[in-house]
Structure formats: structure tokens, C-alpha cells
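Visitor: Read in order, the letters of the sequence shown are residues 10 to 525 in the working numbering.
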Amino acid sequence: MSVAVHLDGITKRFPGGVLANDQIDLEIEQGSVHVLLGENGAGKTTLMNILYGLYEPTEGRVRIDGEAVDFDTPQDAIERGVGMIHQHFTLVDPMTVLENIALGWEPIRYGGLAIDDRAIEADIRELSERYGFGIADDIHTPVEELSVGAQQRIEVVKTLYRGADIFIFDEPTSVLTPQEAEQLFDVFAELTAQGKTIIFITHKLDEALTAADKITVLRDGRTVGTVDANATTQDELARQMVGRDVLLDVDKEPVTLGDPQLSVANLSVSNEQGIQKVRTLDLTVHRGEIFGVAGVDGNGQSELIEAITGLRDHTAGEISIDGRAIGDLSRRERMALGMSYIPGERQERALVLDFDLVQNAVLGNQRDEQFRDGRQIDWGAVREHTEEIIETYDVRPPDPQASARSLSGGNQQKFVVGREFLRDPDLVVAAHPTRGVDVGSMEFIHDQLLGMRDQGVAILLVSASLDEVTSLSDRIGVLHDGAFVDVVEPESVTKEQLGLMMAGEQRETEPAVESQ
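Pasting the structure below:
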């Protein structure tokens with residue numbers, strides 16, 4: 010099989026002495042799926058940004074189909090057949106699917122006086138049919154009205170429309186449900202069957218083994234090794250990634266429930282369009298308990314979390330913390346009662362991207378006495394707190410003055426999780442707490458969650474990962490169409506049964522565990 014991409018001795022140094030890539034040699038075979046696996050900060054995205062023309066290498070050479078190339082801009086890479094689908098999509102939400110795909114590449118007619126929409130639509134329909142993307146019916150729909158999985162398929166079609174033969178997917182499943190991730194791997198199979206080459210950046214071991222032909226592990230900016238996917242295991246890959254043995258299975262002690270900490274009764278919540286997304290829902294989370302919510306994305310999880318945390322008004326029902334009704338309290342007042350919140354959308358809800366980490370560390374804590382010097386913020390104390398977050402949660406680069414925007418998605422997530430866990434909460438509302446983090450960090454975050462549970466903290470966990478929900482939770486509420494289909498103990502159900510309940514089917518077994 011011919012080599013589509015050859016990276017020869019790639020080194021990348023950034024100002025301040027940060028060595029992101031160190032003499033990396035890599036060959037990617039044409040028509041294959043090649044996974045780049047590594048912890049957050051291992052150098053995966055930097056390496057691919059070099060291939061895509063976003064960065065110039067400090068040393069080394071890039072070859073495409075055996076020919077040495079120098080990409081000064083992504084436009085140069087695109088013209089040479091290299092496309093990149095970023096972790097955070099580059100779509101313009103109010104624009105239609107057609108407008109997004111053709112943006113900057115519009116064919117014209119009538120002597121350059123008009124864009125040839127008919128030609129664009131014909132090309133999009135042909136690509137959708139050839140690769141089975143199923144977006145033909147949505148060509149004239151604004152992308153903001155489509156699911157995350159559909160938006161990702163649009164990004165792929167956009168890249169195909171520009172003539173790509175080499176596709177770089179940067180953490181593509183970090184925003185997808187398990188079902189959407191499976192659909193993406195079907196897309197990989199369709200693309201490689203047509204002779205396209207896939208480079209798949211991930212830190213998820215199971216996905217690497219499922220999707221890849223070959224896997225290259227990076228650690229601390231260096232290549233650890235390349236193996237055939239069918240000749241390795243999750244344990245071995247984890248060991249190579251982290252440099253030590255990693256406990257992949259969660260080991261938790263039996264729970265002893267305390268008093269109710271969070272109580273939700275007959276709760277109903279509507280979205281911006283006035284559509285009811287949570288329907289007369291009852292929920293209790295006790296002290297010393299992890300209550301997991303499982304469900305396909307879009308079934309009311311976001312609205313439920315936002316109502317509990319004070320980001321959205323509810324239309325009916327009551328929410329209480331430790332027996333006190335909080336429906337009329339602000340987000341800040343709920344935090345003062347001991348609530349910490351890890352949002353599912355870290356860039357929109359948890360960080361100010363252009364602020365540095367010191368400024369982000371104090372968000373929500375501005376009035377905390379430990380960070381005050383009279384009527385002003387004590388920035389020295391805040392910086393010490395920031396350094397504690399960085400050290401404890403291994404945030405990279407370990408620079409308190411770095412902007413949140415400059416961090417990788419996984420390191421942004423570790424910073425947010427550290428900030429919220431170190432508030433000393435009585436109640437943690439955690440939406441996708443390990444989204445985008447590597448296996449070593451995931452192990453650490455899980456240990457922290459279990460440690461807080463054992464200290465009597467009540468934890469409401471929402472996750473798109475069934476493995477995470479079933480391994481961490483003491484009870485699981487299966488959410489469908491805004492209501493619990495059932496509330497079960499994880500030991501009493503299989504993942505297949507959970508999947509059916511997530512689709513709205515009742516479990517034909519013993520009566521459900523009471524949610525109160």
C-alpha cells in the first residue's frame with residue numbers, strides 16, 4: 010500500500026521554550042484509518058496543525074504522496090488535498106447547509122454575476138448519496154437547527170466538496186453520542202473504501218481499537234510506537250500513553266445513602282421555542298450518592314441541568330437543596346448553598362476564552378472571602394488557587410497566564426473540573442465531566458468523584474458515555490422525551506437493556522427502584 014503522508018523528523022517549538030513535537034517520524038498509508046493516540050498535551054493536534062498548514066515546523070519535512078510540500082496556510086493544504094475537521098466545528102450557525110458547504114468555494118455563472126446554487130446543490134446531493142451521509146433533505150436548513158452528528162457530517166461533506174483525499178479528524182467524537190460515534194465510523198469505512206485516507210486524533214482507547222487500521226501513540230511530544238490495531242489491547246495502549254499501568258475499571262465501595270441533598274418534584278421545563286423538554290419529572294439525589302442520567306442527547310438533559318443550576322426558568326414543579334426551595338434563587342445564590350456545576354459546553358458556559366487561567370479560576374468566586382482584599386480581588390490568592398488547580402489536575406501548559414483559548418479541549422476540561430471540585434461543594438452537578446480528556450485524566454476525575462461521594466457529597470452525573478454512567482452511578486435514571494422511563498441500579502441491567510430504555514422501551518423485569 011502506498012504512503013499518503015510522510016512526516017520526517019517533525020519538531021515544533023513555541024515561544025517560551027515549549028517543545029510540542031520532538032523529532033516525530035510518521036507514515037500514513039493511503040486508504041487507511043490511522044489513529045493518533047495520546048494524552049491531552051501529547052502533541053497530537055500540533056502535529057496535525059503542521060500537516061494542515063496552520064503551523065510551520067521548526068524542523069522536519071512533510072511529504073504528500075512522496076512529494077515534499079511547504080504549506081504556509083490551510084489554503085495551501087486544501088489545494089493539495091488535505092482537509093481537517095476540527096473538534097469545535099467551523100460552521101456558521103444561521104447559514105444553511107448549502108451555504109456552509111460552499112462558503113468560499115462558490116461556483117459562479119452569468120459571467121461572474123451570480124452564484125450557481127443549482128450546481129452546488131447537485132454536487133452536495135451527489136456526495137451525500139455516494140457516501141451515505143443523508144443530508145440531502147436538509148440542504149436548505151440552517152445548520153443551527155440540526156443535531157451535532159448531522160453538523161459533523163456537513164463538515165465532512167464540506168471537506169469533500171473542496172476535493173480532499175486526506176482527512177484529519179481532531180477528537181471528532183468528543184461532542185457525539187455513542188450512536189453518532191458509530192455512524193461516524195461508518196463514514197470512515199465509506200471514505201476509505203473510496204480510497205480516502207483518515208487520520209483520527211483521539212484519546213479514547215475503545216474507539217481507537219474499533220476504528221483504526223494502525224495506531225501511533227504519542228507521549229510528551231514524542232512517538233512511543235506504531236502498532237496494528239488488531240495486535241494490541243486497551244491495557245497496553247493505556248500503558249504506552251501514560252507511561253504506567255492505568256486502572257480502566259472503576260472500583261467503588263457500596264454506597265450508604267444519606268439524607269436527600271437535591272430534590273426535584275413534578276418539574277417541567279421548556280426550551281427557547283416553548284417546547285416542553287422536561288415533563289413532570291421527580292428526582293432525588295442523596296448525600297453520598299452518584300445519581301446518573303442516561304439518555305440520547307436531546308431528550309431533556311440540558312434543560313434539566315440548566316433548571317437545577319439556575320440557568321433556565323422552569324415552568325412547573327419545585328427544586329430544593331437540603332430541603333430549601335431554590336426556584337427563585339440566582340445561579341450565584343445556588344453556588345453559595347454549596348452547588349458546583351460542570352457544564353457540558355465548556356467554551357460557552359464555563360470559560361471566558363480570552364481570559365487567562367487566573368481570571369477564569371475566580372469566576373463565580375469573586376465574593377469568596379479567601380479571594381478578597383477588602384473590596385478588591387486578591388489576585389495573589391487567586392493565582393495560588395490557580396496553580397493548585399493546574400498542579401492537581403495536570404493542566405498543560407502549566408502556565409497561569411495562558412489564555413483559556415490557547416489550551417486544548419481536554420486541558421480546558423481538566424481546568425474547569427478542577428475549579429469546580431475545589432470549591433468544597435455539597436452538591437456537584439456534572440454534565441459530561443470527562444468529555445475530551447485522556448485516559449489518565451479520566452481515571453483521576455473518576456477517583457475524585459468517588460472520593461467526594463464517599464465524603465457525603467451528592468453528585469448528579471449526566472454523561473453520553475454508558476460506560477461512565479454504569480461504572481460510577483449508584484442509581485441511573487433513564488431519560489427519554491423529558492421523563493424517566495425507569496430508575497435502576499446499574500447492577501440490575503445490561504447495556505443492551507439501557508439502550509432500549511433510552512429509546513423509550515419499558516424494561517420487562519422487576520419493578521423499578523424508587524427514585525425517592
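Just so it is clear, CB atoms sit at the ideal spot from N, CA and C, and this is done for glycine as well. Values in this document were obtained by computation on a predicted structure and should not be read as measured data.
In the DSSP assignment, the alpha helix (DSSP H) including T219 goes from what residue to what residue?
Guide: L214 to A220
Visitor: For the pair the segment 329-341 and the segment 298-306, tell me if three or more CB-CB distances fall below 8 Å.
Guide: no
Visitor: For P520, which residues of its own chain have a beta-carbon under 8 Å away from its beta-carbon, when the five flanking residues on both sides are left out?
Guide: Reliability of the predicted coordinates at P520 is poor, the pLDDT of 48 falling under 50, and the value obtained from them is presented with this limitation in mind. No residues qualify anywhere along the chain.
Visitor: Going by DSSP, what residue range makes up the alpha helix (DSSP H) through N455?
Guide: Asn is not the amino acid found at residue 455; the sequence shown has His there. Here the alpha helix (DSSP H) through H455 covers V448 to D463.
Visitor: From this set, N369, T503, L481 and A440, which residue's C-alpha is nearest S472's C-alpha?
Guide: Ranking N369, T503, L481 and A440 by CA distance to the CA of S472 puts A440 first.
Visitor: Going by DSSP, what residues sit across from L271 in a beta bridge?
Guide: Paired residue(s): V294 and I330.
Visitor: Using the three-state DSSP reduction, which class does T265 fall into: helix, strand or coil?
Guide: coil
Visitor: Flag this pair as touching only if the segment 157-168 and the segment 131-146 have three or more C-beta atom pairs under 8 Å; answer yes or no.
Guide: These segments touch.
Visitor: Do the CB positions of V44 and I224 come within less than 8 Å of each other?
Guide: yes
Visitor: Taking the alpha-carbon positions, what's the S156 to G427 distance?
Guide: 29 Å
Visitor: Using the DSSP secondary-structure output, state which residues sit across from K21 in a beta bridge.
Guide: N30
Visitor: Grab the span of the alpha helix (DSSP H) containing T479 for me, first residue to last.
Guide: L475 to L481
Visitor: Which residue's Cα is closest to the Cα of S277: N308, A303, Q249 and E378?
Guide: N308
Visitor: Are the CB atoms of F364 and A413 nearer to each other than 8 Å?
Guide: yes
Visitor: With the cut-off set at 8 Å, would you say G62 and A86 are in Cβ contact?
Guide: If you check the CB distance, G62 and A86 come in under 8 Å.
Visitor: Which parts of the segment 370-414 are runs of the alpha helix (DSSP H), unbroken and 4 residues or longer, counting only runs that do not cross its ends?
Guide: With a minimum length of 4 residues, the unbroken runs of alpha helix (DSSP H) contained wholly in the segment 370-414 fall at 388-401.
Visitor: Evaluate S11 with the Cβ neighbour count: other Cβ atoms within 10 Å of its Cβ, from every protein chain shown; 16 or more gives buried, anything less gives exposed.
Guide: S11 comes out exposed.
Visitor: For the beta strand (DSSP E) containing D495, list its first residue and its last residue.
Guide: A492 to V497
Visitor: Buried or exposed for G230, please, with buried defined as at least 16 other CB atoms from any protein chain shown within 10 angstroms of its CB.
Guide: By the neighbour-count rule (16 or more Cβ atoms within 10 Å), G230 is buried.
Visitor: Leaving out five residues on either side along the sequence, give the residues of the same chain with a beta carbon under 6 Å from the beta carbon of K53.
Guide: If you ignore the 5 residues before and after K53, its C-beta comes within less than 6 Å of the C-beta of L45, G47, I210 and L227, all in its own chain and listed in chain order.
Visitor: For the candidate residues T318, D337 and T324, whose alpha-carbon lies nearest to that of M344?
Guide: Closest option to M344, Cα to Cα, is T318.
Visitor: In the DSSP assignment, find the unbroken beta strand (DSSP E) run with L436 in it and report its ends.
Guide: Taken as a continuous stretch (DSSP letters only), the beta strand (DSSP E) holding L436 covers L436 to A440.
Visitor: Kindly indicate which three-state DSSP category G353 falls into: helix, strand or coil?
Guide: coil
Visitor: How many angstroms separate the CA atom of P83 from the CA atom of E38?
Guide: 22 Å
Visitor: For G449, tell me which candidate among N369, L416, P103 and M250 has the shortest Cα-Cα distance.
Guide: M250
Visitor: Which residue from L416, H97 and L292 puts its Cα closest to that of N275?
Guide: L292
Visitor: Leaving out five residues before and five after T265 in sequence, what residues of the same chain have Cβ atoms less than 7 Å from its Cβ?
Guide: G297
Visitor: At what residues does the alpha helix (DSSP H) containing G47 begin and finish?
Guide: Note, G47: premise wrong, no alpha helix (DSSP H); beta strand (DSSP E) at V42 to G47.
Visitor: Are there three or more Cβ pairs, one per stretch, closer than 8 Å when the segment 444-462 is compared with the segment 276-290?
Guide: no
Visitor: Assuming I124 and I148 make a contact with CB atoms under 8 Å, what is their CB distance in whole Å?
Guide: Contact doesn't hold; Cβ gap of about 14 Å is too wide.
Visitor: Which residues does DSSP list as the beta-bridge partners of R253?
Guide: Paired residue(s): none; R253 is not in a bridge.
Visitor: Around the C-beta of Q385, are 16 or more other C-beta atoms found within 10 angstroms, so that it is buried, or is it exposed?
Guide: Around the beta-carbon of Q385, fewer than 16 other beta-carbon atoms lie within 10 Å, marking it exposed.
Visitor: Tell me which residue opens and which closes the alpha helix (DSSP H) that A512 is part of.
Guide: Run containing A512: none; DSSP gives neither H nor E here.
Visitor: May I have the straight-line CA-CA distance separating M510 from L431, to the nearest angstrom?
Guide: 35 Å
Visitor: Once the 5 residues before and after V233 are set aside, which same chain residues still bring their CB inside 6 Å of it?
Guide: V226 and Q249
Visitor: Going by DSSP, what residue range makes up the alpha helix (DSSP H) through M57?
Guide: K53 to L60
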